[in-house]
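When the sequence shown is numbered by full-length UniProt numbering, its final residue is 250 and no position is left out of the sequence of numbers.
Notes for the one structure printed next.
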Amino acid sequence: MKFDELQNLIKGADDLAKSLSAAPTEPINNAAVAAAAKDGAAAGGDGNTTAQDPNASAGDTPAEGDEEDEDNPLAKSFSLTLEDGTTLEGFDGTELIKSLRAELAAESGARVADGEQFLKAFGSVISIVNTLTAEVDSTKKANAALGKQLDAAAAEIATLKAAGEELTKSLATFGNEGRGRRAATLVVHKPPVGADAGTDPVQPSKAEILAKALSAMQSGAISGSEASRIEATLNAGQQVSKALLDRIFK
1 MKFDELQNLI
11 KGADDLAKSL
21 SAAPTEPINN
31 AAVAAAAKDG
41 AAAGGDGNTT
51 AQDPNASAGD
61 TPAEGDEEDE
71 DNPLAKSFSL
81 TLEDGTTLEG
91 FDGTELIKSL
101 RAELAAESGA
111 RVADGEQFLK
121 AFGSVISIVN
131 TLTAEVDSTK
141 KANAALGKQL
151 DAAAAEIATL
161 KAAGEELTKS
171 LATFGNEGRG
181 RRAATLVVHK
191 PPVGADAGTD
201 PVQPSKAEIL
211 AKALSAMQSG
221 AISGSEASRI
231 EATLNAGQQV
241 SKALLDRIFK
């Protein structure tokens with residue numbers, strides 16, 4: 001049975017119950033009912049028809065086949081004779097209404113249970129989606145941080161590369177200057193024969209002496225202070241002592 005059909009059936013049963021339980025608008029004339037019953041008995045000719053007491057309850061009226069109709073929701077019936085002698089047979093639909101309401105409650109409960117189960121499942125799906133969203137956001141943040149680190153590393157590598165190129169140029173320049181100093185030759189002018197032995201020989205040029213002094217300082221032949229003294233002596237226009245010249249030109 002569909003839900004709409006069940007609702008229509010319950011509505012019809014409720015309307016029937018209301019019509020049965022409603023009080024009559026006019027009082028029933030017992031004398032008229034009795035007379036109508038006698039007329040009906042005379043017309044039938046058997047004299048066995050008995051008028052039903054309108055004030056009697058439905059449970060006081062005996063019904064045939066009680067044992068067979070115990071499980072029937074409409075088993076309880078009663079008769080009602082109108083003023084014009086018309087006899088109506090009514091049925092008590094209380095059990096039917098109770099059964100329909102119980103069935104409706106069971107179906108509603110099942111639907112509520114299904115709805116709750118769906119909400120629980122949907123809540124689990126929402127929780128999973130939120131977890132995945134949080135993981136995606138965390139991954140994006142981690143990737144952004146990694147990108148910044150890679151950019152910083154690339155900038156540092158570029159700086160080191162530039163510094164290496166500059167160092168290479170400096171070493172090349174320094175090597176060229178060293179080769180020039182090593183290529184410097186010592187020119188010693190010998191005094192003429194018979195010249196005074198105590199006279200100092202002619203010294204090389206200032207540039208040659210400074211170049212040899214720097215080379216000797218780098219090789220450890222003279223100290224830094226001695227190299228500074230040689231430079232100061234030359235700047236003063238004086239001659240460097242023979243002992244220092246021998247050490248730097250050896």
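We treat Cβ as the ideally placed atom computed from N, Cα and C, and that holds for glycine.
Quick caveat, the model's predicted, so the values are computed rather than measured.
Glycine 109 and aspartate 137 have their C-alpha atoms spaced approximately 42 Å apart. Of the candidates Glu89, Lys98, Glu83, the residue whose Cα lies closest to the Cα of aspartate 14 is Lys98.
For leucine 160, the secondary structure class from DSSP, reduced to helix, strand or coil, is helix.
Note that the C-beta distance between leucine 80 and glycine 93 is not below 8 Å. A Cβ-Cβ separation of about 7 Å places leucine 210 in contact with leucine 234 under the 8 Å criterion. If you draw a straight line from the Cα of glutamate 226 to the Cα of alanine 207, it comes to about 16 Å. Looking only at Ser223, Asn143, Ala145, Ala152, the smallest Cα-Cα distance to arginine 247 is reached by Ser223. As computed with DSSP, serine 79 is found in a beta bridge with Glu89.
Taking the Cα of glycine 12 as reference, the smallest distance to any Cα among Ser228, Ala232, Thr87, Arg101 is reached at Arg101. Rounded to whole angstroms, glycine 123 and threonine 133 show a C-alpha spacing of 15 Å. When only Cα atoms are considered, glycine 237 and glutamate 231 end up about 10 Å apart. The criterion of a C-beta distance shorter than 8 Å is satisfied by leucine 245 and glutamine 203.
Only buried fits lysine 212, as 16 or more other CB atoms lie within 10 angstroms of its CB. Distance from leucine 96 to leucine 88 at the Cβ level is roughly 19 Å; contact not present, criterion being Cβ atoms closer than 8 Å. When Thr86, Leu104, Asp84 are compared, the shortest CA-CA separation from leucine 9 is found for Leu104. Taken atom to atom, the span from the alpha-carbon of valine 125 to that of glutamate 107 is near 27 Å. DSSP, reduced to helix, strand and coil, places aspartate 84 outside both helices and strands of the structure shown, so it counts as coil. In the three-state reduction of the DSSP assignment, glutamine 239 falls in the coil class.
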